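S.K.:
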Amino acid sequence: MTDYRKINNLVGWVVFLIATAVYVLTLEPTASFWDAGEFIACSYKLLVPHPPGAPFYLLLGRMFSMFASDVTQVAWWVNLLSALCSSFTVLFLFWTITILARKLMVKEGAEPTQGNILLIMGSGAVGALAYTFSDSAWFSAVEAEVYAMSSFFTAIVFWAILRWEAKVGEAHSDKWLVLIAYLVGLSIGAHLLNLVTIPALAFIYYFRLYKPSLVGGIIAFAISAVIVVAILWGVIPGLPSVAGAFEVTFVNTFGMPFSSGLIVFLVLLIAAIVFGLRYSIKHNNRILNTAVLCFIFVLIGYSSYMIIPIRSSYDPTIDENDPDDIMTFVSYLKREQYGDRPLLYGPQYNAQPVDQQEKAPRYIKGKDKYIEVKGGVEPIYDSKDKTLLPRIYSDNPQHLAEYKKWVDLREGQSPTFGQNLSFLVNYQLGHMYWRYFLWNFVGRESDVQHAGVLWFGKSDPNAPDRVLESEARNCFYLLPLLIGILGLIYQVRKDERNAFVVGLLFFFTGIAIALYLNQPPVEPRERDYTFAGSFYAFSIWIGLGVMGLADLLNKGIKNNKVTASVATLLGLLVPGVMAAEGWDDHDRSDRYHSVDSAKNLLDSCAPNAILFTNGDNDTFPLWYAQEVEGYRTDVRVAVLSYLNTDWYIDQMQRQAYKSEPWPLTLENQNYRQGINDYLPYVERSQVAAGIDLKQYVDLVKQNHPALQVQYGAGTTLLTFPTKNFSLAVDKAKVDAMNIVPEEKEGEIVDRMQWTINKSILEKKHLIILDLLATNNWERPIYFSTTVNSADFIGLSEYFQLEGLAYRVVPVRTTEEGSQGFVNKEVMYENMMKEFKFRNFDREDIFYDENYYRFSANARDKFAKLATAYLEDGNTARAKEILDYCFKVMPEAAVPYDYYTPQFIPLFKAVGDDQKAKEIMDSMVQKSTKSLDYYFAKGALFDMEIQTNMIIMQQLVGIAEEMGMNDRAQQLQQQFMQYLQRMRR
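Written as structure tokens, this is what we have:
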């Protein structure tokens, strides 16, 4: 037994070291796209990220960041946290497999033979290493995200319940259950995914202590469901909600000071816990005592969430939702800003409200009591417009078009129950779960969104280079899937109960999550990382598949050691193939452009600027650059979607490092939640020709009756009475600031006039107008070039391009279709001297779609800059810019995109006909092949089809412009053929 334990521990740690080495070697050195930049910044300074937060993750991230020798190393160290969480997941997976494998091979109390040990270790190693190199696990292991830590908690609690199972009957064996409770509590501070392991844990408990029966199984499942619900809704938001009710009652009703109700609640909660403990001890009730202890340790683990209101109370620079008191903290935990989705029963996508009702009021902290504010309204639907399992529920117009790709929806008809089930089975389960499952254990076509499964071999004569040459094109030749199925069959035959438990784990960490999420028909990115727990469970079967393989080999080989050795070696081919195929697309060790693009955007702005951005990839890397590396902290980054909230507008009016508070006229009472959330257009003839912007903002501040209109019973809204606005400009002041190029100084206007072609202004638009009116040109105002043009609110005629951002200036550009003009010298200085494109010229580094979106935007700006110099007659400077663009972003590393065709006439204009011809030929060939490929693939790839159609259309026009009439006619014919295919 001692030898087995030593060998089991030793091999487990060897596997751990292999996984750690792999993840460290492929670790991202800086902040990757999506949430990583936010999490690194919030870890480094213990800030408050998006709801519902991840405080335990942030605390550990902060500890890891302290090992950094300088600020540029912080990201690597926080990323290392994910790598170690993942390698510890692999370690506990190994030990889980060996526990289950030993049960299959060695009777309880018996000692394993050398052949048994070899086979058990081989099973553990193969399964653990297969998970190590699985697509989703590897992806999460090399970046700063919460999913690696979530997988770690899944692995350790499942291993811990198996350890408890082996210790039942011994003194203090219930300590394992208390440990599990504590781990579950801690996991809440990383991600809620760990809660879905509870049903599997409950059945291990049930099978170990009770004689199994159908009724007993149903009861065990029901109890596990109650535990999940109790934690998910009772503990996490429930206890703070009750505390909030106490707080409001004691402060508002009894007139006591703030926090008095919270203190009373805590005293009562502690008293109830102490009573439960004393009662269980007095009556010698072991189950009650263990349950109370588990509840206590869940709360202890959950207490990491105290960091959220504590840190928020210090008004940090990132303070999402501002959850600094119990009421806002509850809203933060409930993720109220994201809304909700129907799960079991609810309205269809085309259901029309028959009425509306007020939501429960919210309370905000006032001077000496909590102020009640409206919680908004929610629609009420007729029961005939509701259905069980409402899967086709979103009324977003974009979603409607996507629904039609999966089900045959007819105008004016509600989806049938069968259509809802069809969408559930084909999209939510088939496309958004099973496709990801097969990516991990069969193969993946490419990194293009909606990419399918690669079953046999990587060659495809019809695939375009973008797909065929993608490092993410991986084929495992079904080996992981087949050995996993063999392991499942083998375990079912030998140990039905544990096979059922692993099956429960597989179901609840995969299919059940897909059912619960009720995903809309389109997502901004692939969501495979959500189901890593399910892939973890399948990796158990991959490990046990080695035993199934040995069982088959035993029919021909009678020596157990030889059988175990051969089965292990054959089994190791599986992680070997997965590693060989996956290394190049999971190796992020030399990728920097996510942060470089953020710094480039910041460097596009003048000192002390205000920069409007989109969310996620347009913002989180900027947060990282400013918060961690201290880069350009004079620029105030303003996320447009957040400007629809009162807490974010308040934060813009606070000092942030070198950035001064925003100058705004409106006060909190003018933009508090529920007030001026949107302003409809209601024309007033008196100001139809236009209104002065400052006057309009003053009227809004006064809540002036002239702007008021009644909507429904008792609802008064402010409006905007004209679409034409004007703003007086101090020409002398602007001229003295030298913010426009010399050739444009004579075009500075004394009054800006523009039109907002919108029927509704959102709160963010009102705040932008207020800033514009109040700022008086004291601070530069910029819009990122990636911002939706609808958020420009008519100001684009007054844009000046200075890099990757537009600056608002009082110079009007009247050219149709243009977005302002180019400030050539400033933009040249930025793009050619300040901007960084580290390693973007290396074709051996894998860049995915996210990177290509940013490279496309950068190429477009290089083209605009070169065009401006050509129009000015400076051909040499234009050629320098063009050559530099394709030096830092060559086609071999960054494929040509939909902005590239405009370079063809530019290269011809600077005398480089060869380069112009090369780009033309390459883009014609690749676009036609892409269109043939994606048309054959179907409507899911309509984005790729539309992109390549736009490229073809540009190429036709360019060929005509350059006098290539025969080429233009040929391209036009091809384009029309594809256009007909689109219309079918």
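Oh and the sequence shown: position 644 is 649 in the numbering used here, straight run, nothing missing. Note that CB positions come from ideal geometry on N, CA and C, so glycine has one too. Here the structure is a predicted model, which is why all the values come from computation and not from measurement.
Identify, in the order they occur along the chain, each residue of the same chain with its Cβ nearer than 7 Å to the Cβ of Leu698, setting aside the five sequence neighbours on each side.
M.R.: The answer, listed in chain order, is Phe730, Ser731, Leu732, Leu774, Leu777, Ala778.
S.K.: What does DSSP give as the partner residue(s) for Lys370 in the beta ladder?
M.R.: Answer by DSSP bridge pairing, in chain order: Tyr375.
S.K.: Near Leu65, what residues of its chain come up, given a Cβ to Cβ distance below 7 Å and the 5 sequence neighbours on each side ignored?
M.R.: Around Leu65: Leu86.
S.K.: Only counting the same chain, and skipping five residues up and downstream in sequence, which positions put a Cβ closer than 6 Å to that of Ser475?
M.R.: If we look at Ser475 and ignore the five residues flanking it on each side, its Cβ neighbours are Ser451, Asp452.
S.K.: Under three-state DSSP, which class holds Lys391?
M.R.: Of the three classes helix, strand and coil, the one that applies to Lys391 here is strand, per DSSP.
S.K.: Buried or exposed: His709, going by 16 or more other Cβ atoms within 10 Å of its Cβ?
M.R.: His709 is exposed by the Cβ-count criterion.
S.K.: For Asp902, which residues from the same chain have a beta carbon less than 6 Å from its beta carbon, with the 5 sequence-adjacent residues on both sides left out?
M.R.: For Asp902, where only same-chain residues beyond five positions count, the Cβ hits under 6 Å are Ala861.
S.K.: Looking at Thr101: is its Cβ nearer than 9 Å to the Cβ of Phe163?
M.R.: A contact, by the Cβ cut-off of 9 Å.
S.K.: Rank Arg291, Asn605, Glu634 by C-alpha distance to the C-alpha of Asp623 and give the top, closest one.
M.R.: Per the Cα distances, Asn605.
S.K.: Quick check: the segment 955–965 against the segment 915–932, are at least 3 beta-carbon pairs closer than 8 Å?
M.R.: As far as the Cβ criterion goes, the segment 915–932 touches the segment 955–965, which means the pair count is three or higher.
S.K.: Count the other C-beta atoms from every protein chain shown that fall within 10 angstroms of the C-beta of Gly620, then say buried if there are 16 or more, exposed otherwise.
M.R.: It is exposed - the Cβ of Gly620 has fewer than 16 other Cβ atoms within 10 Å.
S.K.: Can you say whether Val359 is buried or exposed, counting buried as having 16 or more other CB atoms within 10 angstroms of its CB?
M.R.: Result: exposed.
S.K.: Terminal residues of the continuous alpha helix (DSSP H) containing Arg168?
M.R.: Its alpha helix (DSSP H) spans residues 152–172.
S.K.: Under 6 Å Cβ to Cβ from Pro895, same chain only, skipping five residues before and after it: list those, please.
M.R.: Cβ within range, chain order: Asp846.
S.K.: Determine the DSSP secondary structure at Leu722, reduced to helix, strand or coil.
M.R.: It is a strand residue.
S.K.: What alpha helix (DSSP H) runs, 4 residues minimum, are completely inside the segment 658–692?
M.R.: DSSP runs (the alpha helix (DSSP H)) wholly in the segment 658–692: 673–676.
S.K.: So, using beta-carbon positions, are Gly508 and Val551 closer together than 9 Å?
M.R.: Going by C-beta atoms, Gly508 is not nearer than 9 Å to Val551.
S.K.: With Arg812 as the anchor, note down where its beta strand (DSSP E) starts and where it stops.
M.R.: Unbroken beta strand (DSSP E) run through Arg812: 810–813.
S.K.: With burial defined as no fewer than 16 other Cβ atoms inside 10 Å of the residue's Cβ, what is the status of His1: buried or exposed?
M.R.: As shown, the chain starts at 6 and ends at 989. That puts residue 1 outside it, with no answer to give.
S.K.: Measure the CB-CB distance between Val582 and Leu484 and report whether it falls below 9 Å.
M.R.: Yes; because the gap between Cβ atoms is below 9 Å, this pair is in contact.
S.K.: Have a look at Asp755, Ile765, Pro746 and flag the residue whose alpha-carbon is nearest the alpha-carbon of Glu688.
M.R.: Taking only the C-alpha atoms, the option nearest Glu688 is Ile765.
S.K.: Taking the beta strand (DSSP E) that Met757 falls in, what are its first and last residues?
M.R.: Segment 756–760, the beta strand (DSSP E) holding Met757.
S.K.: From this set, Pro815, Glu802, Arg812, which residue's C-alpha is nearest Glu821's C-alpha?
M.R.: With distances taken between Cα atoms, Glu821 lies closest to Glu802.
S.K.: Enumerate in chain order the residues of its own chain whose CB-to-CB distance from Tyr211 is below 8 Å, with the five nearest sequence positions on each side excluded.
M.R.: The answer, listed in chain order, is Pro217, Gly221, Gly222, Ala225.
S.K.: Report, in whole angstroms, the separation of the C-beta atoms of Ala195 and Met154, which I expect to be a contact under 8 Å.
M.R.: Contact holds; Cβ gap of about 4 Å.
S.K.: Of all the options Tyr852, Ala914, Phe859, which has the alpha carbon lying nearest to the alpha carbon of Gly878?
M.R.: That would be Ala914, whose Cα lies nearest to the Cα of Gly878.
S.K.: Consider the Cβ of Tyr432: report whether some Cβ of chain D lies at a distance smaller than 9 Å.
M.R.: The chain inventory of the structure shown lacks chain D, comprising one protein chain alone.
S.K.: Applying the criterion that 16 or more other CB atoms from any shown protein chain within 10 Å of the CB defines a buried residue, is Phe422 buried or exposed?
M.R.: It is exposed - the Cβ of Phe422 has fewer than 16 other Cβ atoms within 10 Å.
S.K.: Is the distance from the Cβ of Phe481 to the Cβ of Phe543 below 9 Å?
M.R.: Contact flag unset, no.
S.K.: So, helix, strand or coil for Pro485, using DSSP?
M.R.: Three-state result, Pro485: helix.
S.K.: Can you give me the C-alpha to C-alpha distance between Asp888 and Asp400, rounded to a whole angstrom?
M.R.: About 47 Å.
S.K.: Determine the burial state of Leu911: buried for a count of at least 16 other Cβ atoms within 10 Å of its Cβ, exposed for fewer.
M.R.: When all chains shown are included, Leu911 counts as buried.
S.K.: Check whether the Cβ atoms of Ala165 and Trp181 sit closer than 9 Å, and answer yes or no.
M.R.: Against a cut-off of 9 Å, the Cβ pair of Trp181 and Ala165 comes out as a contact.
S.K.: Skipping 5 residues on each side, what residues in its chain have a beta carbon closer than 6 Å to that of Leu282?
M.R.: Closer than 6 Å at Cβ, skipping near neighbours: Val297.
S.K.: Report the residue from Lys364, Asp329, Ala149, Phe93 whose alpha carbon sits nearest the alpha carbon of Asp40.
M.R.: Ranking Lys364, Asp329, Ala149, Phe93 by Cα distance to Asp40 puts Ala149 first.
S.K.: Can you say whether Ala504 is buried or exposed, counting buried as having 16 or more other CB atoms within 10 angstroms of its CB?
M.R.: Burial call: buried.
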